[in-house]
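Participant: Under this note's numbering, the first residue of the sequence shown is numbered 156, with each subsequent residue one higher.
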Amino acid sequence: MQNVLEIVTWYKNNLRDLPWRSTNDPYKIWLSEIILQQTQVNQGLKYYYAFIEQYPDIQSLANADEQEVLKLWQGLGYYSRARNLLKTAKLVADKYHGIFPNSMEEILKLPGIGQYTASAILSFAYNLPYPALDGNVFRVISRLYNIRLPINEQKNRSVFLDILNEMIQGVDPAQFNNAMMELGAMVCKPDNPKCDICPVSTFCQAKELGCASQLPVKAAKAAKKKRYFNFFYIKYQDGFYLIKRNESDIWQNLFQLPMIETNTEVDISDVFTMLQEVVQLLWKELLVSGAHDLCYLNSKKHLLTHQEINARFFEINMKEKPTFKLENCIWVNADSKQNYPLPILIEKFLLSL
Ligand code: SF4
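1. Are the Cβ atoms of Phe-255 and Ile-213 separated by less than 9 Å?
2. Return the chain-ordered list of same chain residues with a C-beta closer than 7 Å to the C-beta of Asn-453, the five sequence neighbours on each side being excluded.
3. How about Leu-459 and Ile-405: do their beta carbons lie closer than 9 Å?
4. To the nearest angstrom, how far is it from the Cα of Gly-325 to the Cα of Gln-270?
5. Check whether the stretch 383 to 394 touches the stretch 330 to 345, counting contact only when three or more Cβ pairs, one atom from each stretch, lie closer than 8 Å.
6. Indicate whether the contact test is met: 3 or more Cβ pairs, each with one atom in the stretch 496 to 503 and one in the stretch 220 to 230, closer than 8 Å.
7. Report the three-state DSSP secondary structure of Ala-374 (helix, strand or coil).
8. Name the DSSP beta bridge partners of Leu-265, please?
9. Is Val-295 near ligand 1, judged by its Cβ being under 8 Å from some heavy atom?
10. Can you tell me which residues form a DSSP beta bridge with Ala-466?
11. Please report the distance separating the alpha-carbon of Arg-400 from that of Cys-353.
12. Ligand 1 and Cys-484: does any heavy atom of the ligand fall closer than 8 Å to the residue's C-beta?
13. Out of curiosity, what's the CA-to-CA distance linking Asn-418 and Arg-382?
14. Would DSSP call Lys-480 helix, strand or coil?
Now the structure itself:
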């Protein structure tokens with residue numbers, strides 16, 4: 156197809172020099188793809204270099220400690236990606252002797268690897284003809300062929316894949332996938348596509364119809380779930396408590412300040428009352444000496460993909476170092492806190508003090 160040749164030629168002349176494009180090492184390609192999910196290239200680059208420096212190959216990552224990996228990941232969000240990174244590294248090291256599988260069936264069994272990432276690894280590392288359908292490619296195909304099906308509905312995926320499977324035949328799969336993604340990222344942008352410099356403008360239906368700005372179509376998303384977190388910065392001198400989050404929620408295995416979650420937004424005075432009740436139940440020692448001051452510090456709204464976190468921060472200033480113990484709770488100081496992976500919301504709070 157002529158339009159495919161135009162896109163690939165344009166790519167060869169205009170590609171950005173990115174480190175994962177000059178390798179066919181499946182470890183580095185996989186790592187870059189996981190980092191770049193939900194992350195801009197500019198932000199992802201520094202994490203990619205940091206991971207390659209600390210874990211130059213899959214075996215070194217497989218030997219890593221989860222807390223260490225989460226710490227290196229800190230700030231990227233979507234921490235399940237980091238936990239799955241480690242699980243997959245261990246699996247590949249143990250079950251596949253350190254060599255990434257090169258079949259779609261096997262690769263899809265690895266944690267955190269879906270259809271897109273599997274196709275990217277198989278095409279970039281093994282040059283197999285699997286089209287990589289990410290958000291950029293959805294947009295380009297929607298516009299080129301004036302497809303008005305919502306791209307965020309799973310059932311429509313096959314329509315786009317059928318077109319791409321035809322396009323990828325007869326060209327270099329790695330170059331084709333890179334070219335499609337690059338065209339979407341650099342030319343066929345979400346707002347103000349650069350149709351005047353686009354290599355396939357003469358083939359593009361959206362350009363001809365003047366409807367590029369209406370594409371791609373997306374179905375309305377469900378509203379974000381609102382959550383209300385009241386965090387307690389229980390401190391003595393430069394020390395304070397951190398608590399490890401439980402297994403089945405956001406920020407799994409990360410550390411945060413001790414917290415009470417409420418179902419709705421409650422008055423600050425009610426939080427004080429609730430805290431006193433919780434403290435009496437759990438941390439009697441806090442009250443024994445009466446040795447603390449409690450005050451409200453500030454509030455922050457933090458947006459995740461499906462949740463809106465409404466956070467409030469309170470300070471409990473201890474007059475002596477507390478000795479009480481609570482499951483998963485640790486006492487840290489200014490130096491040792493660097494060792495614990497924190498949600499960015501908590502990291503920013505601590506930096507603001
Ligand atoms: S002509 Fe415009 S809308 Fe069509 S693919 Fe190119 S940049 Fe996108």
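Backbone N, C-alpha and C fix where the C-beta goes; we use that ideal spot for every residue, glycine too.
Just so we're clear, the structure is a prediction, and the values are computed from it rather than from any experiment.
Facilitator: Let me spell this out:
1. yes
2. Phe-468
3. yes
4. 22 Å
5. no
6. yes
7. coil
8. None, per the DSSP bridge assignment.
9. yes
10. Phe-384, Lys-455
11. 48 Å
12. no
13. 7 Å
14. coil
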